[in-house]
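Following: one structure in structure tokens, then a few remarks.
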Amino acid sequence: MRGWTAILCFLALTACQREQRNLRPSPARVVIFNDAAREDQIQPGGAQSMPQVNNPDEGNAYDVSEGQRLFDWYNCSGCHAHGGGGIGPPLIKTEWIYGGEPANLFDTIVKGRPNGMPAWGGRIPEYQVWQLVTFIRSMNHEEPKAATPARPDTIEQSPQTLQNKANGVTR
Amino acid sequence: MTPIIEAPGETVDPRAGTNEEHRKKLERAWSRPGRIFGFFTATTHTAIGMRYIITAFAFFLAGGIEALLMRTQLAFSNNHFLSADRYNQIFTTHGTTMMFLFAVPMMEGMAVYLVPLMLGTRNVAFPRLNAFGYYMFLFGGLLLYAGVLTNTGPDVGWFAYPPLSGPQYSPGKRVDIWAQMITFTEISALCVATELIATILKMRAPRMSLNRLPLYCWSMLIQSFMVIFAMPAVMVASTIMLLLDRTVATHFVNPAAGGDPLLYQHVFWFFGHPEVYIIFIPALGFVSSIVEAHTRRGVFGYPAMVLALAGTAFIGFGLWVHHMFATGLPQIGESFFTAASMMIAITSGIQIFCWLATIWTGRVRMHTPMYFVLGFIFIFVMGGLTGVMLASVPLDWQVHDTFFVVAHFHYVLIGGAVFPLFGAFHYWYPKMTGRMMNETLGKIEFWILFIGFNMTFFPMHILGLKGMTRRIYTYPPEMGWDNANALATVGAYIIAIGGILFIANVLSSRKTGAPAGRNPWDAGTLEWAADSPPPPYNFEYLPVAAGRYTMWAPAEARAVVTGMRDDRREVLVTSIMDAEPQHRLVLPGSSFWPFLTALLVGGGFVGTVFGFNWYYPTAVAAGVGLIGWFWPKAPRDLRP
Amino acid sequence: MIQKTLDVSELPPFSVSNDDPLWWGQMLMGVIEVMLFAIMIAMYFYIRLSVDMWPLPGDQLPHKLLPTLALVPLALSFPAAWVASEGAKQDNRGKMLAGLGLNLALAGAFLAMRIVEWHSFNFEWKADIFGSVTWTILGLHTADIIGDMGFTLVLFVIVLTGKYAQKQRLGVHVDSIVWYLVAGAWFPMYVVIYWGPTLVGAPR
Amino acid sequence: MSGWRKGIPGGMLAAGVLSTACAGHQQSALDSAGTQADRIESLWWFFLAVLSAVFVIVIATLLVSLTRGHRGVNQEPLERTHVPSEETERNLGRTVGVATGVTIIILFVLLVASIGTGKELSEIGGKQNSLIVEVTGNQWWWNIRYLSEEPSEILTTANEIHIPVGRPVMIRGLSQDVIHSFWVPNLHGKRDLIPSRVTTEWIEADHPGRWRGQCAEFCGLQHAHMALWVVAETEPQFEAWRHAQLQPAAAPQDADTQRGQQVFLNSACVLCHTIRGTSAAGSVAPDLTHVGSRLTIAAGTLPNTKGNIAGWIADPQRIKPGNHMAVVPVKSEDLQPLADYLESLK
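Right, here's the structure in full:
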């Protein structure tokens, strides 16, 4: 009997962050933490210390997939395409204008940025912002592979294939 | 033709020494090493078969608990006993468990145990493959339940239709675990099918020509061929289409890139429909065996029975589309599949008629196994008739994916497979343990199960017609479904009581049951010639078949095989049609490699849930395991 | 008591032939493989018929030259496998070694040509359904070829070291059966993959 | 209404339990209200009658065979040899042969009946004057569009289909995400809605009424809460409804609903929902232009009352956990005006 209890405890511990599904997100509230991320940290003068803000959805498969849906629903792809960029800057990259940490991305979505990025704070709930942040990070392989869907149900081809097709050549 | 002669003296085979010495030598040759390490080296079919049976029964209990949870949730409208997410995981796990971890492995396990005994041989043709198959099944089941207990249980139904099960709509590893669990159980089923076919075709007792093969062995032969043709399809569906889409972004089920969700359905049901017959054809074999022993005559119409079995298997591959009538296929195709689906009623009908004819002219003894057979006929005929309704396209449009279908397939699968299985447990229990089960308790079990079953599932027919769809976790009160659901839930608990009584009977009879002796039912087939329970070598002298029912043949017509060596694991290989002895065959002994290989391959497969690259080390590990498995220990010359 | 007996002590304790249950087992494993490929081919045509253009826009048909040339070593490997299996039946070590060795070399050549050929594809398996189904069929078959080559290699080593007896000879015999099925299955798949798009529907 | 239904003695088999489950006829295959469902129901009673008879005969034979006592049939020889006499076997063979023949005939009759009904069903519809309704399955609601040659006549609504009695309606099935199945049992059988495919089905109500339908293919978390209503009306009523639905949303009439509109337009609602006549033009959630006129909200989950609307907005994830309606930050004092406004959108 003790053996079984031990096994069950062990299994409960291994019930990992990736598989949790929070279907009742905390009541809708919007927190714009003003100092969470600063634009000037990538400006001359170097980064200032910033309060540590953790992404509550880090590594969670359900939130990545919700973020993917919201990215479409809120028409983020209208400007950013499927991460490749268009009117807005591409989201698959290594260089971020306003910082690529979860807190920076959260700040960017909530406050908006010059040249067209609208402020979503106060319009969409905080938990959805985090889901979007998580999805955007997953596009850059910054979320665990096991939590990231291999592909969406759309035509999405790798840059290499697109290039091959465009050139019409055979390697 | 090897002639049958009379033994020269007192002992059957002077070369073997006295019977006592002979038994001792056989015992030494066929026993596995003791203790814990030795446990994992077992390769005798009785040991492996018993493990299959016990493991599959444990999964049956798990599936039963899931069923009770579901029934509790559905007992009345707007119930909040289970959340939607939990309910979806539970019904998927219930279906998956019952199909892949209970029904098929249980049938395989019974066959692994019984077929070599019925054929009068000492083991299956590939004993180590047999052990490997068992461990793969066990690991697959553990993988699924590890997922369930860590909130990673699959939640897309046991059929896992894409796009719902695809990468976009099923985040996390829930579906991957399901898909890879299928691979485990498929490998296990294919191992058993392969070795059963080879055993039945090549290792029958001398003179057991094909037209003397017991009907149960026929049913397993046919079922094994079905496994071989059907299981690759589900591997294509789950392991290739679904898992590759989910892990390496192929587009098999992605409609936007030319893939087709309906293609998955076609491939899945090309497996899924024969799967039903894979479960239920062995049960027909149980029924024939029980009916023969309890009417004290051979089943009427043996050739018709065999042809009907084969026909069922053949037609079974031609009617998968009746699971897809609602997808809007061309009408002409639908008519064809309606006709094919109805044809299956002809072959099933023939078997029912033959059993009725057997009972009509036999001398019926009403023991518990016979009760279960009669219950089977009652329930299965009703399930078959609702099946005829489902074959009709217009009716199917109304009742498809409703509780009517739930009722139908529980009538067919519980009535058609579980009732015969319980009959078979009662029937072969004395062979497996050496003791009889309690008859009174057995009959009480039967009545409780029978009443509980009908109480649970009959109302579901009406619920389905009244519009209750499948796989819903709750329903509003104004639908008028409350009463029938409440009745079904009560019935489910009654079934549970029956199950508990059965377990109590099994456990208590092991100690208190009356000693059975070799042939307590006075049955005709060869498994009753072995001791109860059978020693690891089954028979001290391999029997020679004397007609379809050797045990009913007069003593002067029976014979045994002599000249087999008893210091190594020898069996006899006979010809396919007439079972003339061709050569002796030395089977491998106990081995740790099947377990080790299964561990390596299984571990690798678990890895592939998380990434495709795990296939490479898995392949290497499988290679290492197989080389170790087959590497010659010493240059063995097989002297005669 | 008088007991009737059937004496089998004169029968041999092994048989390197199609009478052995192992031959049946391998044959059935082969049937499973062939069934898998048959379903893949059925899938290929199902998908082909459900789209207007094949291959899908942007994809180029695989070149036919190299895979066609690769059929030559593959076809030659059949007699090699046959020599090995005859050698096994006759207990002729030289014949077994020659057959197995030749089989390995030819299969290796075939495999090398196939891997070279992969570099000429302009489509990935994650490009679209054409890429997915083509790569999957090739991948599955390649896995089978490699698997059986491993099997053959192990037997070759066993026969070379002389650590073999009837069981291993039987292994050589059934290895040939597996090879016939695995290599033979390639021919219809070759037609489907390389000629199918040209023969069925308009070529582009 | 079918003649068969009256001809069969109460559906012998079903009678007992039917009585316990007789409430609720608004979603039932046994209470047909349309031409198609009627045909299927007739076929059903025919099958039930024939197959019930078969069942009774088989079980009766089984019981008789058990009670025969097995006296007449060469008891002693059977005991000794386990083989009945040849004559017995011959007679049995003949009986089994006849039974098999009868089975084949019965199945053939059923097959013909089934295919005949299928053919009839495929021939109904396609008539002049028909209506085309496009139903798009979404996780977990139905988008409804009435198609028309005239772009101005195209009408969008959700989770509720109004149809004129006696006019054939083509349901054009699409799916936005996973496979769903459109099923209104009182009118017709089900038809799957499959992404990247178009499926069609004809329905035709033969009397006015309201029937419930439900998604019949498992489509994920809230599959249980994906219902819709079909309202069959007389032609004039239907035309009036259609005309009203084509209008843009009613402007708010009082301060309270005006405030509600402001709340709606200034919150996340507009990202997903459309209210024609306002700036709200989201396209991924149900069109709310005339939400107040519908019978239910949240795809048949709740009756359409002001309280339910407010409760739904305040915490949709409690009512339908996991659904795609965001938990939108609405201040508690704004909730009542918002619900008032939505309710006013008749």
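Chains as they are written, first to last, in the working numbering: chain R, 11 to 181; chain Z, 5 to 644; chain B, -2 to 201; chain U, 34 to 379.
Backbone N, C-alpha and C fix where the C-beta goes; we use that ideal spot for every residue, glycine too.
Because the structure is a prediction, the values reported are computed rather than measured.
### Task
Could you pull the start and end residues of the alpha helix (DSSP H) that Lys447 (chain Z) belongs to?
Looking at the DSSP string, the run of the alpha helix (DSSP H) that includes Lys447 (chain Z) is Glu443 to Leu469.
### Near-chain Z residues of the stretch 136 to 159 of chain R - C-beta to any C-beta below 8 Å
For the stretch 136 to 159 of chain R, which is checked against every Cβ of chain Z, the residues closer than 8 Å are Lys155, Ala156, Ala157 and Pro159.
### Query
Shorter than 8 Å from the beta carbon of Asn155 (chain Z) to some beta carbon of chain R?
yes
### Message
Quick check on the DSSP output: the alpha helix (DSSP H) that includes Phe153 (chain B) runs from which residue to which?
### Response
Phe153 (chain B) -> alpha helix (DSSP H) spans Ile126 to Thr158.
### Task
Output the distance between the C-alpha atoms of Arg300 (chain Z) and His115 (chain U), rounded to the nearest integer angstrom.
6 Å
### Endpoints, the alpha helix (DSSP H) within which Phe136 (chain Z) is located
Pro131 to Leu153
### Query
Could you give the distance in angstroms between the alpha-carbon of Glu250 (chain U) and the alpha-carbon of Ile29 (chain B)?
32 Å
### Query
Should Ala162 (chain B) and Phe75 (chain B) be called a contact, given that it needs their Cβ atoms to be closer than 8 Å?
Phe75 (chain B) is positioned such that its CB atom lies no closer than 8 Å to that of Ala162 (chain B).
### Query
Taking 8 Å as the CB-CB cut-off, is Pro128 (chain R) touching chain U?
no
### Query
How close, in whole Å, do the beta carbons of Gly98 (chain R) and His90 (chain R) come, if the pair is a contact with beta carbons under 8 Å?
5 Å
### Query
For Phe172 (chain Z), which residues in chain B fall below 8 Å Cβ to Cβ?
Looking at the sequence provided, one finds Gln at residue 172 (chain Z) rather than Phe. Chain B residues near Gln172 (chain Z): none, gap ~14 Å exceeds 8 Å.
### Task
Give a yes or no on whether the minimum CB-CB distance between Glu29 (chain R) and chain Z is below 8 Å.
yes
### Task
Put Pro547 (chain Z) into one of helix, strand or coil per three-state DSSP.
Correct three-state label for Pro547 (chain Z): strand.
### Message
Considering only heavy atoms of the ligand COA, does any lie closer than 7 Å to the CB of Val605 (chain Z)?
### Response
You won't find the ligand COA in this model; it holds no ligand whatsoever.
### Task
Using a Cβ-Cβ cut-off of less than 8 Å, list which residues of the stretch 251 to 274 of chain Z approach chain R; keep chain order.
Against chain R - using a Cβ distance shorter than 8 Å - the residues of the stretch 251 to 274 of chain Z are Thr251, Val252, Ala253, His255, Asn258, Pro259, Ala260 and Ala261.
### Message
Count Cβ pairs between the stretch 86 to 98 of chain Z and the stretch 510 to 519 of chain Z that sit closer than 8 Å; are there 3 or more?
### Response
no
### Task
Taking a Cβ distance cut-off of 8 Å, strictly less, list which residues of the stretch 124 to 141 of chain U are near chain Z, in chain order.
Leu125, Gly126, Thr128, Val129, Ala132, Thr133, Thr136, Ile137 and Leu140
### Query
Below 8 Å between beta carbons: does that hold for Ala265 (chain U) and Pro241 (chain U)?
yes
#### Entry: N-terminal and C-terminal residue of the alpha helix (DSSP H) that Val325 (chain Z) is part of
Per DSSP, Val325 (chain Z) lies in no alpha helix (DSSP H) and is assigned neither H nor E.
### Query
How about Asp125 (chain B) and Leu53 (chain B): do their beta carbons lie closer than 8 Å?
yes
#### Entry: Pick from Z:Met239, Z:Ala559, Z:Thr554 and Z:Pro636 that is closest to Ser213 (chain Z), judged by C-alpha positions
Z:Thr554
### Query
My guess is that Asp571 (chain Z) and Ala33 (chain Z) are in contact by the Cβ rule of under 8 Å, so how many angstroms apart are they, rounded?
Sure, about 6 Å apart at Cβ, within 8 Å.
### Query
Helix or strand or just coil, what does DSSP make of Glu76 (chain R)?
helix
### Task
Name, in chain order, the residues that DSSP records as bridge partners for Trp262 (chain U).
Paired residues: U:Glu193 and U:Arg245.
### Three or more C-beta pairs below 8 Å linking the stretch 333 to 344 of chain U and the stretch 106 to 122 of chain R
no
### Message
List, in chain order, every chain R residue whose beta-carbon is nearer than 9 Å to that of Phe614 (chain Z).
### Response
Lys155 and Ala156
### Query
Distance, Cα to Cα, Arg39 (chain Z) vs Ser228 (chain Z)?
Looking at the two C-alpha atoms, the distance is approximately 34 Å.
### Task
Determine the burial state of Val422 (chain Z): buried for a count of at least 16 other Cβ atoms within 10 Å of its Cβ, exposed for fewer.
Under the 10 Å beta carbon count, Val422 (chain Z) is surrounded by 16 or more other beta carbons and is classified as buried.
### Message
Does Asn107 (chain U) come out as helix, strand or coil in the three-state DSSP assignment?
### Response
For Asn107 (chain U), the predicted structure reports a pLDDT of 46, less than 50, and the residue's modelled location is therefore unreliable. A value from the coordinates is still provided. Correct three-state label for Asn107 (chain U): coil.
### Query
Which same chain residues, not among the five before or five after Glu167 (chain U), have their C-beta less than 6 Å away from its C-beta?
Arg178, Leu180 and Arg205
### Query
In whole angstroms, what is the alpha-carbon distance linking Trp162 (chain Z) and Val363 (chain U)?
40 Å
#### Entry: Alpha-carbon to alpha-carbon, Met440 (chain Z) and His647 (chain Z)
Because chain Z spans 5 through 644 in this model, residue 647 (chain Z) falls outside it and cannot be assessed.
### Query
With C-beta atoms as the reference, is Ala428 (chain Z) less than 8 Å away from Phe290 (chain Z)?
yes
### Residue-level contact to chain R via CB, Ala486 (chain Z), 8 Å cutoff
First, the residue type needs correcting, since residue 486 (chain Z) is Asp and not Ala in the sequence shown. By this cut-off, Asp486 (chain Z) is not an interface position.
#### Entry: Proximal residues to Arg104 (chain U) (C-beta, below 8 Å), its chain only, five neighbours per side dropped
Low per-residue confidence applies at Arg104 (chain U): pLDDT is 48, beneath 50, and the placement is therefore not dependable, though the value from the model is reported in the following sentence. The answer is none, since no qualifying residue turns up.
### Query
Would you call the CB atoms of Glu74 (chain U) and Ser85 (chain U) closer than 8 Å?
Contact: no.
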